[in-house]
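*Asks:*
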Amino acid sequence: MVAISKIATGNGHGENSPYFDGWKAYEANPFHPTDRPDGVIQMGLAENQLCFNFIEKWVMQHPEASLCSAEGVDRFKETALFQDYHGMPEFRQAVAKFMGKVRGDRVKFDPDRIVMSGGATGAHEMVAFCLADPGEAFLVPTPYYPGFDRDLRWRTGVELVPVVCESWNNFKITRHALETAYEKATEANLRVKGLLITNPSNPLGTILDRETLRSVVKFIDEKNIHLIGDEIYAATVFMEPEFVSISEIIEEVECNRDLIHIVYSLSKDMGFPGFRVGIVYSYNDAVVSCARKMSSFGLVSSQTQHLIASMLSDDEFVDSFIAESKEQLFKRHKYFTWNLSQVGIGSLKSNAGLFIWMDLRKLLKEKTFEAEMDLWRVIINEVKLNVSPGSSFHCNEPGWFRVCFANMDDHTMEVALLRIRTFMLKHNEAMVPRKLCRRSSLKLSFSRRRDDLMSPSIMSPHSPIPQSPLVRART
Amino acid sequence: VPISTRVSGIVKGADSPYYVGLRRVEEDPYDELDNPNGVIQLGLEENKLSLDLVKDWLAEHASEAMLGNGKELSICGIATYQPFDGLMEFKVAVARLMSQVMEKGVIFNPSQIVLTAGATPAIEILSFCLADTGNAFLVPTPCYPGFERDVKWRTGVEIIHVPCRSADNFNLNIAALDTSFNQAKKRGLKVRGIIISNPSNPVGNLLSRETLYSLLDFAREKNIHIVSNEIFACSTHGNEEFVSMAEIIEPEDIDRKRVHIVYGLSEDLSLPGFRVGVIYSLNEDVLAAAKKLTRFSSISAPTQRLLTSMLSDTRFVQTFIATNRERLQRMYVQLVAGLEKMGIKSIKSGGGFNCWADMSGLISSYSEKGEVELWERLLNVGKVNVTPGSCCHCIEPGWFRICFATLTEKDIPVLVERIQKVLKPVN
Numbered sequence: 001m002v003a004i005s006k007i008a009t010g011n012g013h014g015e016n017s018p019y020f021d022g023w024k025a026y027e028a029n030p031f032h033p034t035d036r037p038d039g040v041i042q043m044g045l046a047e048n049q050l051c052f053n054f055i056e057k058w059v060m061q062h063p064e065a066s067l068c069s070a071e072g073v074d075r076f077k078e079t080a081l082f083q084d085y086h087g088m089p090e091f092r093q094a095v096a097k098f099m100g101k102v103r104g105d106r107v108k109f110d111p112d113r114i115v116m117s118g119g120a121t122g123a124h125e126m127v128a129f130c131l132a133d134p135g136e137a138f139l140v141p142t143p144y145y146p147g148f149d150r151d152l153r154w155r156t157g158v159e160l161v162p163v164v165c166e167s168w169n170n171f172k173i174t175r176h177a178l179e180t181a182y183e184k185a186t187e188a189n190l191r192v193k194g195l196l197i198t199n200p201s202n203p204l205g206t207i208l209d210r211e212t213l214r215s216v217v218k219f220i221d222e223k224n225i226h227l228i229g230d231e232i233y234a235a236t237v238f239m240e241p242e243f244v245s246i247s248e249i250i251e252e253v254e255c256n257r258d259l260i261h262i263v264y265s266l267s268k269d270m271g272f273p274g275f276r277v278g279i280v281y282s283y284n285d286a287v288v289s290c291a292r293k294m295s296s297f298g299l300v301s302s303q304t305q306h307l308i309a310s311m312l313s314d315d316e317f318v319d320s321f322i323a324e325s326k327e328q329l330f331k332r333h334k335y336f337t338w339n340l341s342q343v344g345i346g347s348l349k350s351n352a353g354l355f356i357w358m359d360l361r362k363l364l365k366e367k368t369f370e371a372e373m374d375l376w377r378v379i380i381n382e383v384k385l386n387v388s389p390g391s392s393f394h395c396n397e398p399g400w401f402r403v404c405f406a407n408m409d410d411h412t413m414e415v416a417l418l419r420i421r422t423f424m425l426k427h428n429e430a431m432v433p434r435k436l437c438r439r440s441s442l443k444l445s446f447s448r449r450r451d452d453l454m455s456p457s458i459m460s461p462h463s464p465i466p467q468s469p470l471v472r473a474r475t
Numbered sequence: 001v002p003i004s005t006r007v008s009g010i011v012k013g014a015d016s017p018y019y020v021g022l023r024r025v026e027e028d029p030y031d032e033l034d035n036p037n038g039v040i041q042l043g044l045e046e047n048k049l050s051l052d053l054v055k056d057w058l059a060e061h062a063s064e065a066m067l068g069n070g071k072e073l074s075i076c077g078i079a080t081y082q083p084f085d086g087l088m089e090f091k092v093a094v095a096r097l098m099s100q101v102m103e104k105g106v107i108f109n110p111s112q113i114v115l116t117a118g119a120t121p122a123i124e125i126l127s128f129c130l131a132d133t134g135n136a137f138l139v140p141t142p143c144y145p146g147f148e149r150d151v152k153w154r155t156g157v158e159i160i161h162v163p164c165r166s167a168d169n170f171n172l173n174i175a176a177l178d179t180s181f182n183q184a185k186k187r188g189l190k191v192r193g194i195i196i197s198n199p200s201n202p203v204g205n206l207l208s209r210e211t212l213y214s215l216l217d218f219a220r221e222k223n224i225h226i227v228s229n230e231i232f233a234c235s236t237h238g239n240e241e242f243v244s245m246a247e248i249i250e251p252e253d254i255d256r257k258r259v260h261i262v263y264g265l266s267e268d269l270s271l272p273g274f275r276v277g278v279i280y281s282l283n284e285d286v287l288a289a290a291k292k293l294t295r296f297s298s299i300s301a302p303t304q305r306l307l308t309s310m311l312s313d314t315r316f317v318q319t320f321i322a323t324n325r326e327r328l329q330r331m332y333v334q335l336v337a338g339l340e341k342m343g344i345k346s347i348k349s350g351g352g353f354n355c356w357a358d359m360s361g362l363i364s365s366y367s368e369k370g371e372v373e374l375w376e377r378l379l380n381v382g383k384v385n386v387t388p389g390s391c392c393h394c395i396e397p398g399w400f401r402i403c404f405a406t407l408t409e410k411d412i413p414v415l416v417e418r419i420q421k422v423l424k425p426v427n
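Chains as they are written, first to last, in the UniProt record's numbering: chain A, 1 to 475; chain B, 1 to 427.
#1: Got a sec: is the Cβ-Cβ distance from B:N201 to anything in chain A below 8 Å?
#2: I'd like to check one pair, A:A137 with A:L195: are the Cβ atoms closer than 8 Å?
#3: Look at the Cβ atom of A:L213, then the Cβ atom of A:L178, and state whether they are nearer than 8 Å.
#4: Assuming A:E231 and A:N256 make a contact with CB atoms under 8 Å, what is their CB distance in whole Å?
#5: Using a cut-off of 8 Å between C-beta atoms, extract the partners of A:Q303 located in chain B.
#6: Cα separation between B:L126 and A:N224?
#7: Figure out for me which residue from B:P83, B:I196, B:T80 and B:L51 has the closest Cα to the Cα of A:D74.
#8: Taking the beta strand (DSSP E) that A:D230 falls in, what are its first and last residues?
#9: Three-state secondary structure (DSSP) at B:E240?
#10: Which residues of chain A have a Cβ atom closer than 9 Å to the Cβ of residue 439 of chain B, listed in chain order?
#11: Any idea which residues DSSP pairs A:P141 with across the strands?
#12: Can you list, in chain order, the residues of the stretch 4-23 of chain A whose Cβ is nearer than 8 Å to any Cβ on chain B?
#13: Could you tell me whether the Cβ atoms of A:T206 and A:A352 are closer together than 8 Å?
#14: Go to A:H333, then tell me how far its alpha helix (DSSP H) extends in each direction, as first and last residue.
#15: Does the stretch 394-402 of chain B come within contact of the stretch 21-36 of chain B, defined as at least 3 CB pairs closer than 8 Å?
#16: Since A:D209 sits in a beta bridge, which residues does DSSP pair it with?
#17: Given 8 Å as the limit, is there contact between the stretch 260-280 of chain A and the stretch 45-54 of chain A, that is, 3 or more CB pairs closer than that?
#18: Got a sec? Which residues, its chain only, sit under 6 Å from A:A430 by beta carbon, not counting five neighbours each side?
#19: Between which two residues does the beta strand (DSSP E) carrying B:C355 extend?
#20: According to DSSP, simplified to helix, strand and coil, what is A:H176?
#21: Report yes or no: is there a C-beta of chain B within less than 8 Å of the C-beta of A:T236?
#22: Could you give the DSSP three-state label for A:S347: helix, strand or coil?
#23: Nearest-angstrom Cα distance between B:L362 and B:V422?
#24: Excluding the five sequence neighbours on either side, which residues of its own chain have a C-beta within less than 6 Å of the C-beta of A:S313, listed in chain order?
#25: Might you give, ordered along the chain, the residues of its own chain that have their beta carbon closer than 6 Å to the beta carbon of A:V217, omitting 5 neighbours on each side?
#26: Give a yes or no on whether the minimum CB-CB distance between A:T79 and chain B is below 8 Å.
#27: Roughly how far, in whole angstroms, is the beta-carbon of A:F31 from the beta-carbon of A:I41, given that I think they are within contact range, below 8 Å?
#28: For a cutoff of 8 Å on Cβ pairs, would you count A:T412 as touching chain B?
#29: Counting only the same chain and skipping the five closest in sequence on each side, list residues whose C-beta sits under 6 Å from that of A:W154.
#30: Give the C-beta separation of A:L227 and B:E46 to the nearest angstrom, bearing in mind that I take them to be a contact with Cβ-Cβ under 8 Å.
#31: Taking 8 Å as the CB-CB limit, is B:A59 close to chain A?
#32: Output needed for B:G370: all residues of its chain with C-beta closer than 8 Å, excluding positions within five of it in sequence on either side, in chain order.
#33: Taking Cβ to Cβ, would you say B:R275 is nearer than 8 Å to A:L299?
#34: Could you spell out where the alpha helix (DSSP H) holding B:A122 opens and where it closes?
#35: Using beta-carbon positions only, say whether A:G119 and A:S302 come within less than 8 Å of one another.
#36: Take the Cβ of A:L418 as the centre, count every other Cβ of all protein chains shown within 10 Å, and call the residue buried at 16 or more, exposed below.
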């Protein structure tokens, strides 16, 4: 029997983690409003589907942007043959302009520093290949996107060292946490080559404030390590405070620009992950040059480059798309979080992203990750929602779950909320002490909770039910 | 500032004649009317001969292709995350195309297909799946220059070149493979497979059925893989029979697990910009791993949708295949005739876009240096960009790769004149 490689047979793909178990449950029984109304609702996929009709309308109104139209077919020949890894100039210019707009035109991006990749997934891997050798490490603040374990490590052989952030200060990235992680890596004989931050954060949905960003830049400059800023959710900031990009901070803080790299993509901000548009933007010439050659492994289809160049050059469209997208995200976020708070579920206060970081700590039987997994299994199997458990994001504290809200229509959202409400009401009933409970047969088995139950200060301000304390609503 | 050591190896190659030549053409491209003294491109493996056929199809079927079922935009429903290894509808269309192209009743099964953003990542993914860092593949030379990048750059896998000889018309020699395998073993280098191109690149040989069977025997004996790069399968010209590895492997054959075919639309359909590559394998473990790796190199969904429409028009595909072969044949014959007039012989090619020409009698010294000198003269004085055989790792100096599929018939006399200007028999 002819053998294959370790990479092929190993677990580097990470698909055995619980993050993907929920997906498997969803794939086995996906919700459909008419065909499968009892199926699992996918709330584990960070996809932005709220504004697709906007894009659709634009494509229909601009047939010349699609090669497959009488107006567009003249560009066909050059486009079909175009495989230059520099990418079409008009594509790079349009993307650079878009990136600037998303940052309020407070910074300008140089089209010549834009390098294509196979989605943000490909971009991250490419950056890792360029910056680190096998066995070297990147620091990554927790909680972080589970895909990093695969994208940054699988084929590259690079290690990830967590920078532990904690709920007591809303998971802020502190200088102390950075130093601790760096020391830990050094003790483990790992050479740290860089720090990867995701801003806006996945899974938190928050943005880094100016002070933190400055502190991060100072840190990497001092240690002479790279800073990779994953800013793929930049245009999903739907509320104050305003997004601040690394590209802005380096104008304010002295640092070695050869250390600064941004990973971008159109998958989240524009909602078309199927187009596979990933971007590496580096301030380091050698990295741009190398990444560009490596981009041969993940070039963006020229047909897609052509379409995007047209679309993103349409200033009017871009401006109204960005505004509309923020509006839709804001509305959906508000509606979703308000409804959750109605049943006593809180979440981390957030103003960006396609998800919320839901706080179910008080629902845990005990403060352990096993209990988190138990709860998660209940949510998947009984409530029939695929949400993502915090442990898969390497959160140091059990009880947090990432819930995506932008990948479904209003009807599906209502179904999801109804299921949550039903579950919580059942749960609340079960938690109500004998005194308040009308059903005398109810047995209580959670004596620890009694004190909590009786404390008036924990009642949710919005809930009409005098009930057991789920978490103080934080929104 | 410290970056990875991988980077230095990659940046090094930028000054090879291959890239220098490409840059020169970019700066000063020949155009019959606008720039008649520009550099004629003979160094890029592209096929412009039949693009008009594809363009006409698009012009005619434009709105159908854009509006999937008449009302809904065809990009609807596919802008979201799709399976990274390709839409099933596109796999079905590609499998059908491969069956049409490779003929002989071989049916390609869409479930054995993994789609990638071009043949470049297809080869890299197979390298990652079949070999560990430090292992090696045997690659008969002269070979496609891009293998250095695709097989080695990021994988840490080695390539062992197995030279083929002009005396054999640069055909694959199993005895040479055996020797290289044993030498590698002695050096402690573990060989995991052989990578062949059929039709071969740059020479254009079609591997005979016999050779393929012998190759399979060899692979079985050494218990290694075969990667058959068949991206020029549709670009055959002349009368020879093309035999795909798929014909050699029976579905129940135990050896099916060691054979993997690479295909793509860049060469055969002249669509390199669209980035469509294929891994075809009957080894479930390899497919499973490759599938997961396609997340780094997926094909853009709207492109898949557009091409599904096009490939589903089997009559168009049939016509394209036939017409394209005719045009390649015509251009090839004219180029060879032009070269012969100057006393330059070439290996008879059965497929691909190249003419593998013997200019060893025209180089100042029988060495790579002499070869590169001639290449420079051809580029700077003759203003034609050809590829010196050393870029293809040819062991015999003086051979040059001349790509003819970007030419028009009018260009041939011009380029003959230009080459004549340069040639001075030195021996």
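Yeah, the Cβ is synthetic: ideal placement off N, Cα and C, and Gly gets one too. A quick note: this is a predicted structure, and the numbers were derived from the prediction, not measured.
*Replies:* Judging by the given coordinates:
#1: no
#2: no
#3: no
#4: Going by Cβ atoms, the distance from A:E231 to A:N256 rounds to 20 Å, so no, they are not a contact pair.
#5: G273, F274, S300, P302, T303 and L306
#6: 36 Å
#7: B:L51
#8: H226 to D230
#9: coil
#10: Because chain B here runs from 1 to 427, residue 439 of chain B falls outside it and cannot be looked at.
#11: A:V163
#12: I4, S5, K6, I7, A8, T9, H13 and E15
#13: yes
#14: D315 to Q342
#15: no
#16: DSSP, once it has assigned bridges, lists no residue as partnering A:D209.
#17: yes
#18: none
#19: N354 to D358
#20: helix
#21: no
#22: strand
#23: 10 Å
#24: A94
#25: I249, V253 and C255
#26: yes
#27: 4 Å
#28: no
#29: G12
#30: With a Cβ gap of about 40 Å, A:L227 and B:E46 do not count as contacting.
#31: yes
#32: I363, S364, P397 and G398
#33: yes
#34: A119 to L130
#35: no
#36: exposed
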